[in-house]
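Numbered according to numbering that gives the first Met the number 0, the sequence shown spans residues 0 to 244.
Ideal Cβ positions, reconstructed from N, Cα and C, are used throughout, including at glycine.
Owing to the predicted nature of the structure, the values given are computational and were not obtained by experimental measurement.
Presented below is the structure to which this report refers.
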Amino acid sequence: MDAEGKFTQKHKLVGHEKPVVAVLWSHDDQQVITCGENEVIKRWDVGSGQCVQTYGRVDVGSVSCGWLHDGAGVIGAMSDRRIHLWSLDGTEMQHEQEQRAQTLSDVAMTSDGKWIVSVGKEQHEISLFSRETRAERVIQLEEKEMITSFSLSRDNKYLLIDLVTQEIQLWVIGGGEPFYLSEYDGHKRTRFIIRSCFGGYDEDFIASGSEDSQVYIWHVAKGLRPCRVLRGHSGAVNCVSLEPC
Numbered sequence: 000m001d002a003e004g005k006f007t008q009k010h011k012l013v014g015h016e017k018p019v020v021a022v023l024w025s026h027d028d029q030q031v032i033t034c035g036e037n038e039v040i041k042r043w044d045v046g047s048g049q050c051v052q053t054y055g056r057v058d059v060g061s062v063s064c065g066w067l068h069d070g071a072g073v074i075g076a077m078s079d080r081r082i083h084l085w086s087l088d089g090t091e092m093q094h095e096q097e098q099r100a101q102t103l104s105d106v107a108m109t110s111d112g113k114w115i116v117s118v119g120k121e122q123h124e125i126s127l128f129s130r131e132t133r134a135e136r137v138i139q140l141e142e143k144e145m146i147t148s149f150s151l152s153r154d155n156k157y158l159l160i161d162l163v164t165q166e167i168q169l170w171v172i173g174g175g176e177p178f179y180l181s182e183y184d185g186h187k188r189t190r191f192i193i194r195s196c197f198g199g200y201d202e203d204f205i206a207s208g209s210e211d212s213q214v215y216i217w218h219v220a221k222g223l224r225p226c227r228v229l230r231g232h233s234g235a236v237n238c239v240s241l242e243p244c
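So, in structure tokens, the structure goes:
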């Protein structure tokens, strides 16, 4: 952003050969990782705009990626139906979770580093894998409720699940067995992946993009119908982010 408050291009990150499906900032905002569709994961230095490391295998493509909880590595869901972990220098780390039955579509690690959350493409369940005990908890949904994406709360107690049925479900995952809490609707989704997120100082709000060019916001406790609808875009809104306060 320049002195007049206008955004200007700082870098153009060139290196992927296929569409980029994810971009994630590091915890200190000095780096970003990018995930090429069925390709590789790259880590970039924000200051120079240069690629500093590539993660992946020659015979395996990337599907989704994320930072490890402490920023000391990268996690990736790969086309071999396995989850891979790398240290920043590219060394692959040991991970004992078994190969999934179907292709993975999304993966994330909780902020305390204790759990790996993942979902399979065209599946109706989410896996919560404990890195401490190697045990797995599974959130099982109805067959019609195919999952497109998910989002974790900062305190790792709650999970938002986006469905093809144009619903967002809120689940409690902190403590014992996961259980369903509430749902939210009103946004539109027929073709694209639409991602939702938590927001607000205490994460009391949920926000989501929509294919009708609008952004929908719900109050967590009030549920179901949105409390605000933000207009202004001319095309589908795939992803949103809310400031903590």
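Whether residue i touches residue j by CB criterion (8 Å)
i: Glu182; j: Gln165; result: no
i: Gln29; j: Val45; result: yes
i: Ile160; j: Ile125; result: yes
i: Ser78; j: Gly89; result: no
i: Glu210; j: Arg224; result: no
i: Phe197; j: His218; result: no
i: Arg136; j: Glu176; result: yes
Through-space distance from residue j to residue i, alpha-carbon basis
i: Glu38; j: Gly65; result: 15 Å
i: Val118; j: Lys9; result: 35 Å
i: Ala134; j: Ser233; result: 45 Å
i: Ile32; j: Phe178; result: 32 Å
i: Arg190; j: Asn237; result: 11 Å
i: His94; j: Phe128; result: 11 Å
i: Asp1; j: Glu202; result: 31 Å
i: Arg56; j: Thr102; result: 16 Å
i: Gly75; j: Asp69; result: 15 Å
i: Val228; j: Ser110; result: 30 Å
i: Gly174; j: Trp114; result: 12 Å
i: Glu3; j: Cys34; result: 33 Å
i: Ala220; j: Asn155; result: 18 Å
i: Leu151; j: Ser63; result: 15 Å
i: Leu140; j: Val116; result: 15 Å
i: Arg99; j: Met108; result: 17 Å
i: Ile172; j: Phe149; result: 13 Å
i: Cys226; j: Ile216; result: 6 Å
i: Arg81; j: Asp58; result: 13 Å
i: Phe6; j: Ser195; result: 25 Å
i: Ala21; j: Trp85; result: 17 Å
i: Tyr157; j: Thr132; result: 20 Å
Reference residue i, options the options, closest by Cα
i: Gly48; options: Glu144, Leu12 and Arg80; result: Leu12
i: Arg230; options: Ile193, Val214, His10 and Arg99; result: Val214
i: Val106; options: Pro225, Arg188 and His83; result: His83
i: Ala235; options: Cys226, Gly208 and Leu241; result: Gly208
i: Val73; options: Gln101, Gly112 and Thr189; result: Gly112
i: Gly199; options: Gly14, Ser240 and Ser86; result: Ser240
i: Leu87; options: His123, Phe149, Thr53 and Gln96; result: Thr53
i: Arg130; options: Ser104, Glu144, Gln122 and Glu97; result: Glu97
i: Ser212; options: His186, Lys221, Cys226 and Phe204; result: His186
i: Leu248; options: Thr147, Trp43 and Arg99; result: Residue 248 lies beyond the stretch modelled for the chain, which goes from 0 to 244, so this question has no answer here.
i: Cys50; options: Gly14, Phe197, Trp217 and Trp85; result: Gly14
i: Lys256; options: Tyr157, Lys41, Ile216 and Phe6; result: What is shown of the chain runs 0 to 244, which leaves residue 256 out entirely.
i: Ser25; options: Ala71, Gly222 and Asp58; result: Ala71
i: Glu242; options: Thr132, Trp85, Arg153 and Ser148; result: Arg153
i: Asp27; options: Phe6, Leu67 and Asp58; result: Leu67
i: Asp184; options: Thr7, Gly222 and Glu144; result: Gly222
Cβ distance (whole Å) where residue i is taken to contact residue j below 8 Å
i: Leu162; j: Trp170; result: With a Cβ gap of about 12 Å, Leu162 and Trp170 do not count as contacting.
i: Gln122; j: Ile138; result: The pair is not a contact, with the Cβ atoms about 11 Å apart (cut-off 8 Å).
Residue i at chain B interface by Cβ criterion, 8 Å
i: Pro225; result: Absent from the structure: chain B. Only one protein chain is present.
Point to revise | Secondary structure, beta strand (DSSP E): runs of 3+ residues fully inside the stretch 77–115 | key: Every unbroken stretch of the beta strand (DSSP E) spanning 3 or more residues and falling wholly within the stretch 77–115 is given here in chain order: 82–86 and 103–108.
**Study point:** Length-filtered (3 minimum) beta strand (DSSP E) runs lying within the stretch 140–211
**Key:** Runs found: 146–151, 157–162, 166–171, 178–184, 195–198 and 204–207.
Practice item. Enumerate, from N- to C-terminal direction, the unbroken beta strand (DSSP E) stretches of 3 or more residues contained entirely within the stretch 31–77. Key: Those beta strand (DSSP E) runs which fall completely within the stretch 31–77 and span 3+ residues are 40–44, 50–54, 61–66 and 72–77.
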